[in-house]
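Under this note's numbering, think of the first position of the sequence shown as 683, with each following residue one higher.
Positions of the beta carbon are idealized from the N, C-alpha and C atoms, including for glycine.
In what follows, a structure is listed as structure tokens, so that the remarks can point back to it.
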Amino acid sequence: MTVLAEGVDALDLRGRTVSEVVRIADADDLLEAVQFVFVDGQSLTLTVWTDWRLTVELRSEAVVPDYLWPVEDRTRTAIEEFSGARKVVDEVVPGLNDAGILASVRFSLDGCPLLVKSFGGELILELG
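Given below as structure tokens:
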């Protein structure tokens with residue numbers, strides 16, 4: 683698995699087609715990452731790092747990242763609202779905190795809004 687881009691550089695996604703949006707959770711069903719899977723097999727993975735910043739990686743494959751350890755204790759579950767439908771990324775808006783660190787990303791997929799953010803060290807996913 684190869685990281686193709688990181689941070690804000692990984693957010694140049696307008697016009698790309700998403701085949702599914704996946705939540706990655708631990709054994710207690712705590713959300714650890716959100717993954718956008720593109721029709722070409724690449725994925726965009728968003729998670730919260732230990733310093734509470736939102737980490738974004740464009741990856742060559744759609745798998746659980748190895749830093750979510752142990753990988754075998756993580757589950758990937760497609761988000762029903764985006765499952766099976768090819769949606770085009772209309773908009774990607776990064777949000778920075780007061781220190782200038784990436785804290786949120788607002789997406790629009792065929793007009794459907796989705797927000798991924800770091801809040802208090804937790805990853806938050808808001809639909810609609």
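| Item | Value |
| --- | --- |
| Beta-ladder partner(s) of F789, from DSSP | V774, L796 |
| Distance between S790 and G697 (C-alpha atoms, nearest Å) | 11 Å |
| Pairwise C-alpha distance: G766 and V730 | 27 Å |
| Where the beta strand (DSSP E) through D742 begins and ends | Per the sequence shown, the amino acid found at residue 742 is Ser instead of Asp. Neither: S742 is in no beta strand (DSSP E) and is coded neither H nor E. |
| Of the residues L750, F720, D694, Q724, the one placed nearest L712, counting alpha carbons only | L750 |
| Segments assigned beta strand (DSSP E), at least 3 residues, entirely inside the segment 696 to 725 | 699 to 707, 713 to 720 |
| F801 classed as buried or exposed, judged by whether at least 16 other C-beta atoms fall within 10 angstroms | exposed |
| Reference D708, options R756, K799, V770, closest by Cα | R756 |
| C-alpha gap between A760 and E702, whole angstroms | 7 Å |
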